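S.K.: Before I ask anything, here is the structure I am working with.
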Amino acid sequence: MIIVLRPDASEEQIDHLLSRIREMGLTPHISRGIERTIVGVIGDERLIRERSFQSTPGVEHVMSILKPFKLASREFKHDDTIVHVNKVEFGGNKIVLIAGPCSIENPEQLMKTANAVKAAGATVLRGGAFKPRTSPYSFQGLGEEGLKLLDEARRATGLSVVSEVMDTRDVELVARYVDILQIGTHNQHNYALLKEVGTLQKPVILKRGLSSTVEEYLLAAEYILSRGNNQVILCERGIRTFEKATRNTLDISAIPVLKHLSHLPVIVDPSQATGNWRLVEPMSMASVAAGADGLMIEVHPEPEKALSDGAQSLLPEKYAHLVSQVQLIARAIGREI
Ligand code: PEP
Ligand code: MN
Numbered sequence: 189m190i191i192v193l194r195p196d197a198s199e200e201q202i203d204h205l206l207s208r209i210r211e212m213g214l215t216p217h218i219s220r221g222i223e224r225t226i227v228g229v230i231g232d233e234r235l236i237r238e239r240s241f242q243s244t245p246g247v248e249h250v251m252s253i254l255k256p257f258k259l260a261s262r263e264f265k266h267d268d269t270i271v272h273v274n275k276v277e278f279g280g281n282k283i284v285l286i287a288g289p290c291s292i293e294n295p296e297q298l299m300k301t302a303n304a305v306k307a308a309g310a311t312v313l314r315g316g317a318f319k320p321r322t323s324p325y326s327f328q329g330l331g332e333e334g335l336k337l338l339d340e341a342r343r344a345t346g347l348s349v350v351s352e353v354m355d356t357r358d359v360e361l362v363a364r365y366v367d368i369l370q371i372g373t374h375n376q377h378n379y380a381l382l383k384e385v386g387t388l389q390k391p392v393i394l395k396r397g398l399s400s401t402v403e404e405y406l407l408a409a410e411y412i413l414s415r416g417n418n419q420v421i422l423c424e425r426g427i428r429t430f431e432k433a434t435r436n437t438l439d440i441s442a443i444p445v446l447k448h449l450s451h452l453p454v455i456v457d458p459s460q461a462t463g464n465w466r467l468v469e470p471m472s473m474a475s476v477a478a479g480a481d482g483l484m485i486e487v488h489p490e491p492e493k494a495l496s497d498g499a500q501s502l503l504p505e506k507y508a509h510l511v512s513q514v515q516l517i518a519r520a521i522g523r524e525i
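Put into structure tokens, the structure is as follows:
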């Protein structure tokens with residue numbers, strides 16, 4: 189349910205409304221827009237009764253949110269959400285470039301990549317320390333040692349950093365080292381993990397599940413939002429279809445669909461989507477043309493030696509070329525990089 193407040197509603201009236209909502213066993217989420225303040229009410233649907241708030245002082249009108257996702261919806265929040273990560277803004281006019289190796293392997297590999305992607309224009313460094321691998325015999329990541337290397341790269345370059353967390357038991361540890369937590373495609377349905385990162389006040393990149401519909405995806409985001417963490421960044425990274433020519437099928441249409449249904453920033457990972465470095469540049473251009481707010485791209489100084497995802501990793505010079513191409517698209521649609 190959404191409660192739209194009158195433009196002249198006083199702070200006392202708002203406080204009174206919020207405490208009434210809490211008394212009823214429900215949770216209020218306040219969204220202060222430029223013109224209006226809106227209160228989203230979530231909780232046990234049986235307890236939500238619109239009539240109880242229609243005559244509360246300061247209230248203009250009450251309506252139900254028809255979509256199953258509530259706080260993630262444009263109905264709840266009309267204006268785009270901007271997620272701030274140090275000096276970087278996700279969801280504004282500027283397109284955010286995240287780049288780095290799939291896995292953190294050693295100090296030289298990470299530092300080389302970090303310096304190269306920074307020189308090309310990236311502002312966020314990615315690197316996996318806990319890796320979700322299909323085979324238990326594949327490289328699983330360096331764990332905390334990898335996070336320490338990421339932290340050193342952050343200090344040396346000034347880039348913000350993002351890394352994946354796969355287990356509720358590691359959330360506190362990973363959050364200590366990174367600016368942004370990543371929830372991978374395999375964990376979109378890990379509700380315990382979604383709830384856990386929902387209790388933090390830290391940006392989260394939530395990747396779309398391999399076989400998830402847009403609605404299921406936004407409900408996963410809702411898990412994080414409903415726990416109080418409103419810094420969620422969506423990431424389309426390809427879905428599983430019958431097509432075998434690419435690792436996954438990049439659902440370009442999901443970008444405008446998500447932007448229409450939700451106020452959250454939407455970025456794209458064309459590396460996981462295609463599985464092939466040759467396709468990363470054209471799919472990056474297409475993603476930006478379709479309205480993506482950012483790109484997450486895998487870069488490795490020696491892709492053929494990479495311990496994970498070498499086939500989709502770009503050499504640093506290829507990444508620099510990609511950035512120049514994406515810049516052309518961004519300029520054409522009135523956005524900046
Ligand atoms: C990754 O970013 O390296 C990764 C494993 O991503 P995804 O969860 O999208 O497969
Ligand atoms: Mn990868």
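The sequence shown begins at 189 in this note's numbering and counts up one residue at a time.
Glycine is no exception: its CB is placed at the ideal position from the N, C-alpha and C atoms.
A quick note: this is a predicted structure, and the numbers were derived from the prediction, not measured.
#1: Quick check on DSSP: helix, strand or coil for residue 266?
#2: Mapping DSSP to helix, strand and coil, what is residue 241?
#3: According to the neighbour-count rule (16 or more other Cβ atoms, all chains shown, within 10 Å of its Cβ), is residue 375 buried or exposed?
#4: Could you tell me whether the stretch 436-451 touches the stretch 413-426, where touching means 3 or more Cβ pairs closer than 8 Å?
#5: Under three-state DSSP, which class holds residue 493?
#6: Relative to ligand 1, is the shortest distance from any of its heavy atoms to the C-beta of residue 497 smaller than 7 Å?
#7: Which same chain residues, not among the five before or five after residue 201, have their C-beta less than 6 Å away from its C-beta?
#8: Assuming contact is defined by CB atoms lying nearer than 8 Å, are residue 318 and residue 358 in contact in what I supplied?
#9: Going by DSSP, name the residue or residues bridged to residue 278.
#10: Roughly how many whole angstroms lie between the Cα atoms of residue 291 and residue 222?
#11: Which two residues bound the contiguous beta strand (DSSP E) that contains residue 370?
#12: In chain order, what residues of the same chain lie with their CB nearer than 7 Å to the CB of residue 288, ignoring the 5 residues before and after it?
#13: Can you name the start and end residues of the beta strand (DSSP E) that residue 249 belongs to?
#14: Where DSSP assigns a beta bridge to residue 326, which residues make up the other side?
#15: Could you check the C-alpha separation between residue 354 and residue 243 for me, to the nearest Å?
#16: Report the three-state DSSP secondary structure of residue 233 (helix, strand or coil).
#17: Near residue 406, which residues of its chain fall below 7 Å by C-beta distance, leaving aside the five closest residues on each side in sequence?
#18: Does residue 353 come out as helix, strand or coil in the three-state DSSP assignment?
#19: How should residue 505 be labelled, buried or exposed, when 16 other C-beta atoms within 10 angstroms of its C-beta is the threshold for buried?
#20: Going by the beta-carbon positions, is the gap between residue 452 and residue 412 smaller than 8 Å?
#21: Give the DSSP bridge partners of residue 423, in chain order.
#22: Between the Cα of residue 361 and those of 344, 332, 367 and 377, spot the shortest distance and give me the residue it belongs to.
#23: Which same chain residues end up closer than 6 Å to residue 432 when comparing Cβ atoms and leaving out the 5 residues on each side of it in sequence?
#24: Taking contact to mean at least 3 C-beta pairs separated by less than 8 Å, is the stretch 278-285 in contact with the stretch 222-233?
#25: With which residues is residue 437 paired in a DSSP beta bridge?
#26: Compute the distance between the beta-carbons of residue 266 and residue 192, then report whether it is under 8 Å.
#27: Below 8 Å CB to CB, which residues in the same chain sit around residue 387 once its five sequence neighbours on both sides are set aside?
#28: For residue 287, which residues does DSSP report across the bridge?
#29: For residue 523, which residues of its own chain have a beta-carbon under 8 Å away from its beta-carbon, when the five flanking residues on both sides are left out?
#30: Where do the ends of the alpha helix (DSSP H) carrying residue 449 lie?
#31: By Cβ distance, which residues of its chain are closer than 8 Å to residue 434, with the 5 residues on each side in sequence left out?
#32: According to DSSP, is residue 504 helix, strand or coil?
#33: Could you check where the beta strand (DSSP E) with residue 414 kicks off and where it finishes?
M.R.: Quick look at the numbers:
#1: The residue labelled residue 266 in the question sits at position 78 within the sequence shown. Looking at residue 266 - three-state DSSP - the assignment turns out to be coil, as it is neither helix nor strand.
#2: Against the sequence shown, residue 241 aligns to sequence position 53. Note: residue 241 maps to helix in three-state DSSP.
#3: The sequence position of residue 375 within the sequence shown is 187, counting from 1. Per the 10 Å Cβ criterion, buried.
#4: yes
#5: The residue labelled residue 493 in the question sits at position 305 within the sequence shown. Residue 493: helix per DSSP, three-state reduction.
#6: As a working note, residue 497 is residue 309 in the sequence shown. Yes, since a heavy atom of ligand 1 falls inside the 7 Å radius drawn around the Cβ of residue 497.
#7: As a position in the sequence shown, residue 201 is number 13, starting the count at 1. 245 and 246, listed in sequence order.
#8: One-based indexing of the sequence shown puts residue 318 at position 130. One-based indexing of the sequence shown puts residue 358 at position 170. Yes, Cβ-Cβ distance for residue 318 and residue 358 is below 8 Å.
#9: As a first step, residue 278 is located in the sequence shown; it is residue number 90 there, counting from the start. 271, per the DSSP bridge assignment.
#10: For this step, residue 291 is matched to residue 103 along the sequence shown. For this step, residue 222 is matched to residue 34 along the sequence shown. Roughly 42 Å separates the two Cα atoms.
#11: Here the question's residue 370 lines up with position 182 in the sequence shown. Note, residue 370: beta strand (DSSP E), 368-371.
#12: Translated into the one-based positions of the sequence shown, residue 288 becomes position 100. Answer for residue 288: 301, 302, 305, 313, 314, 315 and 487, listed in chain order.
#13: One-based indexing of the sequence shown puts residue 249 at position 61. Residue 249 -> beta strand (DSSP E) spans 247-251.
#14: By one-based count along the sequence shown, residue 326 stands at place 138. None; residue 326 has no bridge partner.
#15: For the purposes of this step, residue 354 is taken as the residue at position 166 of the sequence shown. For the purposes of this step, residue 243 is taken as the residue at position 55 of the sequence shown. Rounded to the nearest angstrom, the two C-alpha atoms are 46 Å apart.
#16: The sequence position of residue 233 within the sequence shown is 45, counting from 1. Residue state, collapsed to three classes: helix.
#17: The residue you call residue 406 lines up with position 218 of the sequence shown. Contacts found: 257, 260, 449 and 450.
#18: Taking the first residue of the sequence shown as 1, we reach residue 353 at position 165. DSSP places residue 353 in coil when its eight states are reduced to three.
#19: Position 317 of the sequence shown, counting from 1, holds the residue named residue 505. It is exposed - the Cβ of residue 505 has fewer than 16 other Cβ atoms within 10 Å.
#20: As a working mapping, residue 452 is identified with position 264 in the sequence shown. As a working mapping, residue 412 is identified with position 224 in the sequence shown. Contact: no.
#21: Numbered from its first residue, the sequence shown carries residue 423 at position 235. Beta-bridge pairing links residue 423 to 395 and 455.
#22: Working through the sequence shown from its first residue, we reach residue 361 at position 173. Here the closest residue by C-alpha is 332.
#23: The residue labelled residue 432 in the question sits at position 244 within the sequence shown. For residue 432, where only same-chain residues beyond five positions count, there are no Cβ hits under 6 Å.
#24: no
#25: On the sequence shown, position 249 is the one that residue 437 refers to. Paired residues: 427.
#26: Position 78 of the sequence shown, counted from the start, is the residue given in the question as residue 266. Position 4 of the sequence shown, counted from the start, is the residue given in the question as residue 192. Against a cut-off of 8 Å, the Cβ pair of residue 192 and residue 266 comes out as no contact.
#27: Start at 1 with the first residue of the sequence shown, and residue 387 comes out as number 199. Counting only Cβ-Cβ distances below 8 Å, and skipping sequence neighbours, we find 415, 416 and 417.
#28: For the purposes of this step, residue 287 is taken as residue 99 along the sequence shown, with counting starting at 1. Note: residue 287 sits in a beta bridge opposite 313 and 485.
#29: Taking the sequence shown and counting its residues from 1, the one referred to as residue 523 is at position 335. Cβ within range, chain order: 281, 282, 283 and 476.
#30: Working through the sequence shown from its first residue, we reach residue 449 at position 261. Its alpha helix (DSSP H) spans residues 442-449.
#31: Numbered from its first residue, the sequence shown carries residue 434 at position 246. For residue 434, where only same-chain residues beyond five positions count, the Cβ hits under 8 Å are 426, 461, 462, 463, 464 and 467.
#32: Within the sequence shown, the letter at position 316 stands for residue 504. The answer is helix: DSSP assigns residue 504 an H, G or I state.
#33: The residue labelled residue 414 in the question sits at position 226 within the sequence shown. No beta strand (DSSP E) contains residue 414, which is instead part of the alpha helix (DSSP H) from 402-414.
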